[in-house]
Every structure is written in structure tokens, then in C-alpha cells.
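A.B. asks: Dropping the structure in here first, questions after.
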Amino acid sequence: MMTGLLHNPGAEGETARIRAMEQHDLPPEQWDRFESVLRLARSVCGAPIASIALVGEDRVMVRAACGIEMADVGRLHSFNDMVVHGRCTLVVPDTRAHAAFANNPVVTGAAGIRFFAGAPLIDPQGHVIGALCVLDTKSRPAFDPAQQALLEDLAGLVRQRLELIQEANRSAFRVRKAALLRNLLMLTADAPDLDAALAAAAAVLRDAAGDLMCNVLRSGDDVARPVFIGSARSEDPRISSLLTALMGLKITADNSLVGRALFSGQQVVADDLACPAEMADCPGNRIMAAHGVKALIATPLSVLSNHYVFTIGFDHVPADLDGIARMLRDGALALRPLLRIRTEVEASRLFRRVVEDTTTAVIITDAVLDASGPHILYANTAFEEMSGYPLAEIVGLTPRVFQDALTSPETRAEIRTALQAGQSSNTEIQNRRKDGTAHWLHLHISPVRNLAGEVTHFFSAQRDVTEQRMVAAEREANARDMTALVGAIPGVLIRQHLRADGYWWRSFIADTVEALTGFTVAEAHDNWWWRNGTDPADWNRLRDALASAQATGPSTTEFRFRRKDKVWIWIRMLTRGHRNAAGLDEVICIWSDITRERELASQLAQSNKLAQLGELATGMAHKLNQPLAGICMAAENGLRSLARTPGVAPRAEQKLEAVLSLARRASDIIDHMRIFGRQEVSASTPVRLSDVMDGVRPLLQAQLRGSGVRLHCDVPHMLPAVMGQMIPLQQVMMNLIVNSCHAYEALSDAAPADARLITVVARVVERQVCITVGDHAGGMPPAVMSRIFEPFFTTKPAGKGTGLGLSITYGIVSDMGGTIGAECREGGTVFTIALPVAFVA
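Note that the working numbering gives residue 726 to position 740 of the sequence shown, counting from 1, and the numbers run on in steps of one.
Here it is in C-alpha cells:
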């Protein structure tokens, strides 16, 4: 028989009911207080058995019983489950006659229960947490309603006593918690340092939990190996060996519950360390279980950037393990502010000791950046010694008291801009000491922020760099002097050494290298610069001179080098071996440009040849002119005689004409030779090159037309006059243009008609007028180019030239104080003549 209706609370209601049941559950020793209620229920109902059962999620837990030893049973089809679902008293007069209970093990088994009456235990929120039951091994035909009412009243009494005991437990817990917090705060506050405070906290927590041990660990630099700080433990000898084993373990979040709590920041509670799930892949758990630890609570605690964990191990499973865990959590939360303050105080003390002991000057100011601030709040001893100001004199003043007219306004503005933006400033500034002497400081100023990110102070570390700046200034002055000294050397100074890979490494190149070669110092440091610029014909000789510099002593080598503008110059290199301060063998080289020197030497040699030829020509002309004149006269008389004597063979006439032609040619050669022997030079006068070309152009028409060559003349009439003679200059221009025509003729049809061009250009270059005569007729090989001004040197076939034309040209230009040179360029030959400008008033 069941009074009331069945009720299905649903999943959400069942969860709330289970939570209410757990809140009303008591430790085993406290259920003994219900024995009198059970005896009364048994007496009132006339039943031999009475019990109090709580209905859990899947089991019915008998918490107190009288008249029989009853164990927990499964919830499914149990009497008490029916009471919970019905939310009212359940009476079963004969269990064997009841379809739901006929096959229940409690009915069919050794207990032999035949009668059941159960009244629900309903908490103030209406949750049915269990039942007060009376049972009998005999069936009953009926159950007195008065007995049922008394049973229900007794169920209400059980529920009230449960709440009273729970309230007493909560009060006791609050007392224990208050005592715990009081002891924690008192002992940690009295500890001399932070580690001692943590060790004291471990002792208090262990006493509160009352079991084997409480350890405290901190995450170290190696996050996988926490630092052991302290332990409070019982006298059990197993604990010492347990701590030794744990400290040798590389703890991680995966291999121990301690590591999981430390690295996750979440409390870990384990009520059975020996279970397979807790032992799997957790060597830390296996170690503790092997040393008698059955339950564990690991409570993390974070203080600023440090992370700690308190671990309490039990040799049994406390009935109120969750309550102890809550108490430890609350203790850790209460401990955090005090430990944070202690951490900050110790950090402050450490900072002050470090700042006071450091040799770096330090001042701390507020963050005021108006006209009156910032204001000095602190200065260490090093600052007092450096500046000469005692702290008492400068507290409250602005750092501007150390500045004067020598202090850079730009640097001050730069510092203020950085500080206003909340940024660090790193610079050097000149200030004054108290005694008035100036000194240079390296300043590093950093903003100090609070937890909200607001700038509250400025921290300034200062270092006197006066001596370093003096040394640097002296070094710079020495470097300038050295640069000036090196620049005064008539050439380019180069220091280099041979690297292990076979390349010459240039450790120094004077700035004058750009004036000499056109290459910058940076370009000259390129590995291939020297090799690529040197004439291949000179490279092996040059390399040997460098390689042997250490052994052979000073030496001189001359070589050709191509400037950046592609112009070849001659360089004389003085070489000397040297061992530097680091013990490295170096080669010191000095380059000087000897291009002009070589040109002058070549011109001098040419002039000597011409002078010698002139002397020879004068003598030969004097000796040969008379016989040649006689030969010519005789040949002419013979021809006239033949004309008056008919019938003479024509062949004799041809012979005489040939003799006369050869004699005249010899006379022309002697006339050319006499030019070299002239002893007087006509005075030079101002001559305009445009007039020279105007006189030459008509004389060259036939030659240009016969050679199929065009002449382009760019000689402006506005060019200044040059010092020279008109007729010799015309002879020079005609000679050079005719030579180019002959060069085109030698090409036959190899040069197209539109490419047969001779260009004459004149321009003013540094008080000289430079005339270039160029063609595109193939140019000349270097071996020929080097000899073209030699007398009697010609590349024309025999009988086609005397080899004196360019020699005469060279002599004419030299006599006028000018120079002439030739080079191959753009598939042809270019002659360049430089004549001095005539300064006509």
C-alpha cells in the first residue's frame, strides 16, 4: 500500500535531489546519534528491524540500522527507491505477494524480508533524500494508520536532527577554518622570510588536516622540475624516503597529481591513489602509493609571478575529504594577500640593496611633467658620490637643477618627448656637478607603471662617461690627423694581408683612391676590384711582388690599371712588408699615378729620336742634294736630246723618265728629312682652328671623294684661338685626315659607304683646346699603336709611304707646346691633339 502519488522529478530535479542528499550525508561516526530514533521506530511499529537509508544516483546507502546488519544495495527495484519516486510513505504488507519485490534479493535471500514500511526524508526544499524504514521477516495483514503517522513523525525528527548535526558541523568547520586562517596569518607574518613563511603555512595546513605530511613546492626555472621549499610531516619513517624519491622525480603535469595542480592552477583531490586510473602513466602517484599515501589534496597558490603548490597526503581516506579540500582552498586564498605583500616587501628590500650597492647612479622621480616636475624622490649613494649632491638637498627638486647652458636643449626636448609618450629614453647629456665641473652622463630613463598601466614614476640609471668621451674625442682627433697625414702622401695608401682562402683582404684604403681610380673606398674593398682593374699582362708580376713583400723588403712595381671611367693609367706601387700589433703579417702599398711621367718619357724619347734624325737628315740632305740635282739635270738633258733625235728607241726614253721620277722622289724624301734638321722655329701666333679647317677642306675634296669618305667637322667659330702657325697646323690636319682615308681604302668593301666617316671635333678643356680626329676603319693592334710616331715606321706597302708623316706631325705639335696621342676606340683610331689657348686681349 502506498499513500500519495508517484512523482518523476526529471533529470534536472534528480540532480538537485542528489546534491541535497550529499549535503545531508554525515561522517560514519555521527550516524550513531540516530540509534535512539531507530529503537523508538522499531518499538512503535512493533517491528524487529529499523534503518535510515539515503538514496544515491544508483545505490541505496544504509547509514544506520537496528536489529540487523544491512549493507548497501542497488537502487533499481529497491523499497527506498519506490519511496523516493512516490514522495510518500510506502507500506508493503507481504513482499512475496508484491509483483515489484517478489524477486528482490533482500526478500528471497538470507535476510528474508517479508514486511516493509518506509516514510520519506524530505528536506526544507522538498527533496526526498532517503527514508526511515521498519522491516520484519514476517508478513502482516495490515499496518495501523496510527503507527504510520508515528513513523512519518519520526522521519521528520530524523530530518530535523540531520539539519541540526549539519549546522553543528558547519559551525565546527567555520571554527576550524577560522583557527586555520588565524594560525596561517600569525605564523606566516612572523616568519623571517618568504620561504620560512611558506614552510610555516605547510605546518599549519598539515595540523589542520591531521595526517602524514604537507609539502610546499614552487615552479622553478626548469618548469619540469619544481623547487622543494619545505615540509611538515609525521614521524612515520616512510615519509623521509618518500620525499627523497619525489625530489628525484622530474615532475610534469602528466606524470603526477602534484604537477597537474602546479601547472594548471586547479586544486586536485584524489581519494584513491592506488586505483589503476590514478596509477596509469603517473610515476609520482605510484611512488606515493608505495609509501602508504592513500589520498591526496594538491592546492595551488599563485603569488605575483611565482606559482606554488601545497600537497597533503593521507594514509587513509578521510570521510570529509571534500570539506578538507574546501578548507585548504580557503586557506590558500586567505594566505595569498599576505604572501604577496611579503613578496613585494622582499623584492623592494632586494631592489634597495641592489640599488644601494651598485656603482651605477640611480634616481627615482614622480611622473609629473609640468613646469615644476618631475620631482626627485630617491637617489642612491652612487649618485650622491657622482654628482656631489647629498640626497637631503635634492629631494623634491627637479633633475633640471643639474643642467646649465652647456646642456643640449635638443637632448632635453628629446628626453621630455619620450617621457610624455610613456617611452624609455636612452641618450647622453652634459650636466654639472655640485662643484661646478661639467661631466657627461649616459642616461637610461624608464617609466614605472602600476597595475592599471598608468605611469607613476620614472627610474633613471646614470653612468659618468666623461672619460670615455674624452678618449673617443682624442681617438677621433688622432684619426683625423692620421687621415690628413695619409691624404698628404703623394699617392694612395693601402694595407692588406693574404687570407687563408688565397684572397688579399684590404684592411685600409685611403680616401684618395677615388681621385686616382674613380672608385670609392667601399667599391675598392670588393675582392675582385684590384684583379679586374689590372692589365692581365701585369697581374702575375704584381701578385708575385705582393706575395714576396715580407721576404724581399721594399720593392717597386709598375702596372697598368683601368679607372672606373675605362681610361687606362700607369701606376707605380711601392711595397713593403709589415707585422701589425696583432702579429698579423701585412703588406703596405703606396700607389701613385705615373701616366704623365710615362708620357713625358715617351715624348722625350721621341724628341731624342727626332733630334738625332734631324742631325742625320741635315748632313745627308747636304751631301745628297748635289748628286741628285746632277742626276735630275742629266736625265732631263737626255730626254731633250732624245726629243731632237728621231728614231731613237722608245725604251731609252722610258728608262730616262724612270730615272728622273726616282731622283725627284729621293729629293722629296730629303726635303722631308730637312724638316727634322731645322734649327729655328717660327714664332707662334694666335690661330683659330676654324680658319685652319676652312683652309684644309677644299684641299681634301679630291682625296675624300676618291676614298668614298665623308668628313664631319665640329669646330665652332667661337672657340678661343690657340698658339701655333697656320700652315704647319693645316699640314697636321691634312696628314691625319689623309691617313684615315688610306685606312678606309685598305678595308676595300668591308666598310659600308654610310659608315665611312671621319669626325673632327674641337672643345676647350682646362685652358687647352683639344682636337680629336677619329674614324671607324678598324683601328690598330697595340703593337702598332705604340710605334706610330716613330720615324720611318709604316704599315703601308713598300713605295706607298715614307713613314715620316706622323713623326713630322708629332714634331710640329710638340714645337707649338702641345701634345698628341692616339688610341683605339669604337672600332677605329682616334688622335687627340691638345694645344694651349692663346689669351688675346
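From the three backbone atoms N, C-alpha and C, an ideal C-beta is built for every residue, glycine too.
Quick caveat: nothing in here was measured; it's all calculated off a predicted structure.
1. For a cutoff of 8 Å on Cβ pairs, would you count A399 as touching chain B?
2. Is V750 closer than 8 Å to D700 when the C-beta atoms are compared?
3. For the structure I just gave you, are there three or more beta carbon pairs, one from the stretch 528 to 541 and one from the stretch 506 to 514, closer than 8 Å?
4. Under the assumption that L570 contacts H483 (Cβ atoms under 8 Å), give the Cβ distance between them as a whole number of angstroms.
5. What residue range is occupied by the uninterrupted alpha helix (DSSP H) comprising P714?
6. With distances taken from CA atoms, which of S588, T285 and H293 is nearest G299?
7. Quick check: W556 and T581, are their CB atoms within less than 8 Å of each other?
8. Please say whether L743 and P698 have beta carbons closer to each other than 8 Å?
9. Helix, strand or coil: how does DSSP classify A231 here?
10. Taking DSSP's pairing of strands, which residues face S37 in a bridge?
11. Put W514 into one of helix, strand or coil per three-state DSSP.
12. Between the C-alpha atoms of E544 and A523, what's the straight-line distance to the nearest angstrom?
13. Pick helix, strand or coil for T561, following the three-state DSSP scheme.
14. Counting only the same chain and skipping the five closest in sequence on each side, list residues whose C-beta sits under 8 Å from that of A391.
15. In whole angstroms, what separates the C-alpha of I4 from that of H302?
16. Taking Cβ positions, are V120 and A27 nearer each other than 8 Å?
17. Can you name the start and end residues of the alpha helix (DSSP H) that V499 belongs to?
18. Can you say whether R674 is buried or exposed, counting buried as having 16 or more other CB atoms within 10 angstroms of its CB?
19. Tell me the DSSP secondary structure of A182 in three-state form.
20. Buried or exposed: which applies to P395, given that a residue is buried once 16 or more other Cβ atoms fall within 10 Å of its Cβ?
21. When the distance is taken between beta carbons, is T384 closer than 8 Å to I415?
22. Check whether the stretch 365 to 385 and the stretch 481 to 501 touch, using three or more Cβ-Cβ pairs below 8 Å as the test.
23. Figure out for me which residue from R492, P768, L118 and D497 has the closest Cα to the Cα of R517.
24. Note down, in chain order, each residue of its chain lying with its Cβ closer than 8 Å to the Cβ of G60, except the 5 sequence neighbours on either side.
25. To the nearest angstrom, how far is it from the Cα of G694 to the Cα of A587?
26. Quick check on D257: does DSSP put it in helix, strand or coil?
27. Using a Cβ-Cβ cut-off of 7 Å (strictly less than) and excluding sequence neighbours within five positions of G142, which residues of its own chain qualify?
28. Pairing CB atoms from the stretch 62 to 78 with CB atoms from the stretch 96 to 116, are three or more of them under 8 Å?
29. Relative to the C-alpha of V255, which candidate in T397, R315, A276 and S226 has its C-alpha closest?
30. Quick one: what does DSSP say F841 is sitting in, helix, strand or coil?
31. Quick one, which of F775, I774, A247 and L232 has its alpha-carbon nearest V279's?
32. How should R692 be labelled, buried or exposed, when 16 other C-beta atoms within 10 angstroms of its C-beta is the threshold for buried?
33. On the criterion of 16 or more Cβ atoms from any shown chain inside 10 Å, does Y730 qualify as buried, or is it exposed?
34. Let me check understanding here. Comparing Cα to Cα, which of F65, A33 and T442 lies closest to I54?
35. Once the 5 residues before and after W17 are set aside, which same chain residues still bring their CB inside 8 Å of it?
C.D. replies: On the basis of the supplied data:
1. The chain labelled as chain B is not found in the depicted structure, where only one protein chain is given.
2. Your numbering for residue 700 matches position 714 in the sequence shown. Your numbering for residue 750 matches position 764 in the sequence shown. Going by C-beta atoms, D700 is not nearer than 8 Å to V750.
3. no
4. Start at 1 with the first residue of the sequence shown, and residue 570 comes out as number 584. Start at 1 with the first residue of the sequence shown, and residue 483 comes out as number 497. Right, the Cβ-Cβ distance comes to about 6 Å (below 8 Å), so this counts as a contact.
5. One-based indexing of the sequence shown puts residue 714 at position 728. P714 -> alpha helix (DSSP H) spans M712 to A732.
6. In the sequence shown, the residue the question calls residue 299 occupies position 313. Measuring from the Cα of G299, the nearest candidate turns out to be T285.
7. Along the sequence shown, read from residue 1 onward, the residue named residue 556 stands at position 570. Along the sequence shown, read from residue 1 onward, the residue named residue 581 stands at position 595. Their beta carbons are under 8 Å apart, which means W556 touches T581 by this criterion.
8. The sequence position of residue 698 within the sequence shown is 712, counting from 1. The sequence position of residue 743 within the sequence shown is 757, counting from 1. Note that residue 698 is His in the sequence shown here, rather than Pro. Yes, the Cβ-Cβ distance between H698 and L743 is below 8 Å.
9. Here residue 231 is taken as the residue at index 245 of the sequence shown, counted from 1. In the structure shown, A231 sits in a helix (DSSP, three-state: H, G or I).
10. In the sequence shown, counting from the first residue as 1, residue 37 sits at position 51. DSSP output for S37 lists A51 and C119 as bridge partner(s).
11. Residue 514 sits at position 528 when you count from the first residue of the sequence shown. Of the three classes helix, strand and coil, the one that applies to W514 here is coil, per DSSP.
12. Counting from one through the sequence shown, the residue named residue 544 turns up at place 558. Counting from one through the sequence shown, the residue named residue 523 turns up at place 537. So the alpha carbons of these two residues sit roughly 12 Å apart.
13. As a working note, residue 561 is residue 575 in the sequence shown. Of the three classes helix, strand and coil, the one that applies to T561 here is strand, per DSSP.
14. As a first step, residue 391 must be located in the sequence shown, where it is residue number 405. Excluding positions up to five away in sequence, the list is empty.
15. Against the sequence shown, residue 4 aligns to sequence position 18. Against the sequence shown, residue 302 aligns to sequence position 316. The alpha-carbon atoms of I4 and H302 are separated by roughly 26 Å.
16. Taking the sequence shown and counting its residues from 1, one reaches residue 120 at position 134. Taking the sequence shown and counting its residues from 1, one reaches residue 27 at position 41. Closer than 8 Å, so yes.
17. The residue you call residue 499 lines up with position 513 of the sequence shown. Here the alpha helix (DSSP H) through V499 covers V499 to T503.
18. Here residue 674 is taken as the residue at index 688 of the sequence shown, counted from 1. So R674 counts as buried.
19. Locating residue 182 in the sequence shown gives position 196, where the first residue counts as 1. Of the three classes helix, strand and coil, the one that applies to A182 here is helix, per DSSP.
20. Along the sequence shown, read from residue 1 onward, the residue named residue 395 stands at position 409. Answer is exposed; the Cβ neighbour count stays below 16.
21. Counting from 1 along the sequence shown, the entry for residue 415 is found at position 429. Counting from 1 along the sequence shown, the entry for residue 384 is found at position 398. No.
22. no
23. If you number the sequence shown from 1, residue 517 lands on position 531. When each option's Cα is compared against that of R517, the closest is R492.
24. Translated into positions along the sequence shown, residue 60 becomes position 74. Correct list, in chain order: D44, R45 and V46.
25. Walking along the sequence shown from the start, residue 694 turns up at place 708. Walking along the sequence shown from the start, residue 587 turns up at place 601. So the two alpha carbons sit approximately 39 Å from each other.
26. Against the sequence shown, residue 257 aligns to sequence position 271. In the structure shown, D257 sits in coil (DSSP, three-state: anything other than H, G, I, E or B).
27. Taking the sequence shown and counting its residues from 1, the one referred to as residue 142 is at position 156. Correct list: empty, nothing qualifies.
28. yes
29. For the purposes of this step, residue 255 is identified with residue 269 of the sequence shown, where counting begins at 1. Minimum Cα distance to V255 is reached at R315.
30. The structure shown does not extend to residue 841, since the chain is modelled only from -13 through 827, so no value can be given for it.
31. For the purposes of this step, residue 279 is identified with residue 293 of the sequence shown, where counting begins at 1. Answer by Cα proximity: L232.
32. Looking up residue 692 in the sequence shown gives position 706. The sequence as given places Gly at residue 692; Arg does not occur at that position. The residue in question, G692, is exposed, as its Cβ has fewer than 16 Cβ neighbours within 10 Å.
33. Within the sequence shown, numbered from 1, the residue matching residue 730 stands at position 744. It counts as buried.
34. For the purposes of this step, residue 54 is taken as the residue at position 68 of the sequence shown. That would be A33, whose Cα lies nearest to the Cα of I54.
35. Position 31 of the sequence shown, counted from the start, is the residue given in the question as residue 17. Correct list, in chain order: I38, R49 and A50.
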